[in-house]
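Using numbering that gives the first Met the number 0, read the sequence shown as starting at 0 and increasing by one per residue. Ideal Cβ positions, reconstructed from N, Cα and C, are used throughout, including at glycine. All values reported here derive from a predicted model rather than from experimental measurement.
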Amino acid sequence: MRYAFFRAPDPAAVLAAFAAGPARHDPAAAFDARYPSGAEAGDVLDLLDELLLPLPDTGLVERTVWPPTTRSPTCFAVPGDPWTTGPWAHQLSPAARDLLARSPAGALRALRPYGQAPPAAALAVLPVLAALARRAAAAGEQLYYWLGAPPPSPPD
0 MRYAFFRAPD PAAVLAAFAA GPARHDPAAA FDARYPSGAE AGDVLDLLDE LLLPLPDTGL
60 VERTVWPPTT RSPTCFAVPG DPWTTGPWAH QLSPAARDLL ARSPAGALRA LRPYGQAPPA
120 AALAVLPVLA ALARRAAAAG EQLYYWLGAP PPSPPD
């Protein structure tokens with residue numbers, strides 16, 4: 000699985016771009032996106048959760064934007080169900096965007112989820128995400144997290 004963080008004006012813009020096709024498998028096709036390399040998605044998300052700890056009642060994810068549905072995922076795997084197959088896109092909370100945008104690099108490097116030193120690759124991603132968050136905040140946009148498979152290969 001690949002993952003990316005991207006910025007977009009609102010969930011409607013994400014839905015429209017994903018419904019059109021290419022952005023569903025590559026958010027950079029429609030948005031300012033960053034694909035962290037060398038860092039596990041879980042490690043980066045743990046760091047973002049740690050960043051939000053001082054803000055009670057603030058979660059990392061505001062809502063799931065893709066797949067578009069009004070129902071929640073179930074515990075049963077249904078063949079072809081987008082909740083099972085992905086890709087998935089989640090809007091990060093505005094608090095996460097704003098805190099990331101205004102955090103100095105030193106504070107980001109000092110994060111220690113669960114009291115443990117995170118992998119260096121995950122820490123290296125944070126300044127890139129902070130810059131993306133600053134661009135999103137300046138444009139009045141939100142941050143999103145995308146998880147999906149690589150785009151399908153063209154037929155031979």
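Cβ-Cβ distance between residue i and residue j below 8 Å
i, j, result
"residue 57", "residue 94", "yes"
"residue 44", "residue 51", "no"
"residue 96", "residue 135", "yes"
"residue 143", "residue 17", "no"
Chain-order list of residues whose beta-carbon lies under 6 Å from that of residue i (same chain, five-residue window excluded)
i, result
"residue 107", "125"
"residue 29", "16, 22"
"residue 33", "4, 127, 131"
Option nearest residue i by Cα separation, candidates the options
i, options, result
"residue 103", "120, 34, 89, 128", "128"
"residue 67", "55, 90, 36", "90"
"residue 14", "113, 86, 115, 132", "86"
"residue 20", "65, 46, 35", "65"
Exposure of residue i, with buried meaning 16 or more beta-carbon neighbours within 10 Å
i, result
"residue 92", "buried"
"residue 109", "exposed"
"residue 105", "exposed"
"residue 54", "exposed"
"residue 9", "exposed"
"residue 88", "buried"
Nearest-angstrom beta carbon gap, residue j and residue i [assumed within contact, 8 Å]
i, j, result
"residue 0", "residue 146", "6 Å"
"residue 2", "residue 27", "Wrong, their Cβ atoms sit about 12 Å apart, outside the cutoff."
"residue 11", "residue 140", "Contact doesn't hold; Cβ gap of about 12 Å is too wide."
Cβ neighbours of residue i in the same chain (closer than 8 Å, five flanking residues each side left out)
i, result
"residue 37", "120, 123"
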